[in-house]
Amino acid sequence: MTYDLVVVGAGAAGEAAGSAARELGARVATVERDLVGGECAFWACMPSKTLLDAARWRAMGADYPWERASERRDWMISREGIPYPDDGGHARGAEEGEGELVRGEARIVGPGRVEVRLVDGGSPRKLEARALVIATGSVPLIPPIDGLREAGFWTNREATSLRELPSSIVVLGGGPVGVEMAQVYVRFGVRTVLVEGHDRILPRDHPRSSAAVAAQLRDEGLDIRTGVRATGVAKGGAGRTVRLSDGATLEASVVLVAVGRRPADLRAIGIEEAGVRLDERGASSPDESLRIGEGVFVAGDAAGGLQFTHVADYEGRIAARAALGTPSRADLSAVPRTTFTDPETGAVGLTVEEASSKGIDAFEVTADFATSARGFTLERVGGGPKEGAPGHITAVVDRDRGILCGAFAACPGASELISEAVLAIKQGIPVSVLADTIRAFPTGARVFGNVMGDAARRLQ
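In terms of this note's numbering, the sequence shown opens at residue 1 and continues consecutively.
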């Protein structure tokens with residue numbers, strides 16, 4: 001059967017590509033071998049944020065048992081009373097308008113030609129299309145640690161779908177997934193150790209943000225080991241024994257691996273049969289329209305860039321429009337990065353060091369959130385009644401152009417307030433305009449406005 005577009009993969013990028021194509025009146029086939037909605041909807045962003053919310057109630061002293069947190073997570077991802085999530089809502093979306101969902105394993109057999117081995121075991125489907133969008137996502141990165149595979153481990157899937165809490169856990173990786181899940185576990189009373197090879201957790205974030213989150217986590221009882229890595233894992237002790245590079249040994253019932261993800265190997269779907277060239281890792285090199293070959297486009301984690309759901313959604317729409325002949329290019333100059341710990345973190349753009357390395361004459365302005373009006377109104381979780389919410393809001397300013405080139409925050413609501421800085425960087429809004437903008441009081445946005453006022457005075 002012939003379509004205008006065949007989308008391979010129905011995670012965030014694939015869903016967005018199919019939606020954008022159908023909005024343009026295209027006939028679309030979406031191929032998915034697992035759940036429509038992908039990793040974020042069922043095993044990553046959504047369940048983890050639901051568990052983080054439950055953990056916050058728990059940390060504030062509420063009567064909030066794990067059974068309730070698990071039940072709410074199950075409700076949120078349509079898993080009530082069944083062993084595997086229900087993707088019916090997402091599936092119906094894929095079939096709106098001129099859309100068709102094909103459940104099975106896709107393989108590219110030639111330019112514009114896809115063969116699907118159906119999950120129900122029926123005869124393979126042969127699809128033809130003017131263009132293809134590849135949105136096959138990513139897979140967990142599993143480090144080559146001696147004994148890890150033999151001893152067994154969790155990835156984000158087990159970490160977010162568990163029904164019963166372990167007595168203890170070692171989390172390998174201090175990035176967003178590792179720190180978020182570590183805070184969930186420790187707030188529900190699980191003895192938790194976090195191991196990060198860099199000298200600080202959240203190493204891609206601003207050092208002030210890393211410090212703010214680390215201080216809160218340690219205060220809650222999390223054992224953070226930085227500057228070390230796991231060198232071996234074995235069954236034994238409480239369940240697993242983990243050897244560290246500094247000679248220390250940890251025991252826990254579970255080991256969670258959260259050291260990142262890598263794009264799915266595109267060789268597995270036969271993409272080279274469509275004339276696409278790949279590198280030795282099976283990765284492609286998309287252009288600004290996300291094109292990787294004649295009539296072939298890629299989006300989301302499979303594109304090899306930033307691994308965020310919001311980027312996947314954006315790229316899926318760009319790829320679909322470009323595939324159908326609408327001139328489109330991806331602008332990734334201002335992408336927000338958020339972590340939903342308590343305190344939250346938000347970031348966009350360059351640190352002052354990164355700006356300087358690019359030849360930008362930049363300076364940094366910061367505000368202490370705890371001593372701001374909004375900080376005074378919010379009690380730190382685990383703190384006393386006379387202790388405000390900790391954190392910071394920091395801006396990096398291009399002195400010559402008088403515009404923002406980076407912004408960072410660690411505070412309640414950081415994931416929301418960073419959006420103003422995203423727009424400012426994308427549009428090149430002058431700092432003078434940002435400083436002259438009225439914001440509601442008392443809010444985190446108001447603190448950002450004060451930072452802009454300080455920056456404007458330094459530019460005079």
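No residue lacks a Cβ here, since even glycine has one placed at the ideal position from N, Cα and C.
Mapping the DSSP letters down to three states, classify residue i as helix, strand or coil.
i: Arg149; result: helix
i: Arg277; result: coil
i: Thr443; result: coil
i: Glu387; result: coil
i: Thr339; result: strand
i: Ile292; result: strand
i: Ser48; result: helix
i: Pro176; result: helix
i: Thr464; result: Since the first residue shown for the chain is 1 and the last is 460, residue 464 is missing from the structure and cannot be characterised.
i: Glu96; result: coil
i: Thr532; result: An answer regarding residue 532 cannot be provided, because it is not within the stretch 1 to 460 covered by the chain.
i: Asp63; result: coil
i: Ala455; result: helix
i: Asp301; result: helix
i: Ser186; result: In the sequence as presented, Ser is not what sits at residue 186; that position holds Val. Three-state result, Val186: helix.
i: Ala362; result: strand
i: Ile271; result: helix
Quick check: what's the CA-CA separation for residue i versus residue j?
i: Ala303; j: Pro263; result: 7 Å
i: Arg157; j: Val186; result: 18 Å
i: Gly112; j: Ala26; result: 15 Å
i: Glu23; j: Glu100; result: 14 Å
i: Thr351; j: Thr338; result: 15 Å
i: Arg56; j: Gly382; result: 10 Å
i: Val311; j: Arg281; result: 22 Å
i: Asp331; j: Trp75; result: 36 Å
i: Thr226; j: Gly270; result: 41 Å
i: Asp63; j: Phe188; result: 11 Å
i: Cys45; j: Leu417; result: 19 Å
i: Ala21; j: Pro336; result: 25 Å
i: Gly97; j: Ala41; result: 23 Å
i: Gly11; j: Ala320; result: 14 Å
i: His198; j: Gly236; result: 27 Å
i: Glu379; j: Gly121; result: 57 Å
i: Met452; j: Ala435; result: 5 Å
i: Ile463; j: Ala258; result: No answer is possible for residue 463: the residues shown for the chain start at 1 and end at 460.
i: Val433; j: Thr30; result: 45 Å
i: Val116; j: Lys126; result: 6 Å
i: Glu294; j: Leu266; result: 16 Å
i: Arg200; j: Ala323; result: 42 Å
i: Gly221; j: Ala182; result: 10 Å
i: Arg204; j: Ile429; result: 25 Å
i: Ala268; j: Thr155; result: 22 Å
i: Asp368; j: Pro390; result: 8 Å
i: Gly152; j: Ser372; result: 47 Å
i: Lys426; j: Tyr314; result: 15 Å
Using DSSP's beta-bridge definition, name the partner residues of residue i.
i: Arg225; result: Val195
i: Asp53; result: DSSP lists no partner for Asp53.
i: Asp368; result: His392
i: Val7; result: Thr30, Val133
i: Ala409; result: Gly346, Ile393
i: Pro140; result: Arg261
i: Val114; result: Ile108, Leu127
i: Ser168; result: Arg191
i: Pro203; result: Answer is none; Pro203 lacks a bridge partner.
i: Ile82; result: Answer is none; Ile82 lacks a bridge partner.
i: Leu404; result: Val397
i: Leu256; result: Trp154, Val171
Residue i lies in the alpha helix (DSSP H); which residues open and close that run?
i: Glu15; result: 12 to 23
i: His310; result: 309 to 323
i: Glu353; result: 352 to 357
i: Ala69; result: 66 to 76
Starting from residue i, trace the beta strand (DSSP E) in both directions and tell me its first and last residue.
i: Val422; result: Counting along the chain, Val422 falls outside any beta strand (DSSP E), though it belongs to the alpha helix (DSSP H) covering 414 to 427.
i: Val36; result: Element bounds for Val36: n/a, residue is neither H nor E.
i: Glu105; result: 99 to 110
i: Ala215; result: Segment 207 to 219 is the alpha helix (DSSP H) holding Ala215; no beta strand (DSSP E) there.
i: Thr377; result: Where Thr377 is concerned, there is no enclosing beta strand (DSSP E), although the alpha helix (DSSP H) it sits in stretches over 373 to 377.
i: Arg240; result: 239 to 244
i: Thr231; result: 230 to 236
i: Glu158; result: First-last for Glu158: 156 to 161, but that is the alpha helix (DSSP H), not the beta strand (DSSP E).
i: Glu251; result: 249 to 252
#### Entry: Stretch pair the segment 421 to 430 + the segment 393 to 408: three plus CB contacts closer than 8 Å
yes
### Query
Taking three-plus beta-carbon pairs below 8 Å as touching, is the segment 354 to 361 in contact with the segment 437 to 447?
no
### Message
Whether or not the segment 81 to 98 and the segment 35 to 46 are in contact is what I'm after, with contact meaning three or more pairs of Cβ atoms, one per stretch, closer than 8 Å; do they touch?
### Response
Counting C-beta pairs closer than 8 Å gives three or more between the segment 35 to 46 and the segment 81 to 98, which meets the contact rule.
### Task
Take every Cβ of the segment 189 to 203, pair it with every Cβ of the segment 167 to 176, and state whether three or more of those distances are shorter than 8 Å.
yes
### Query
Touch check for the segment 129 to 137 and the segment 211 to 227: three-plus C-beta pairs under 8 Å?
no
### Query
Are the segment 285 to 300 and the segment 1 to 20 in contact at 8 Å, needing three or more beta carbon pairs?
yes
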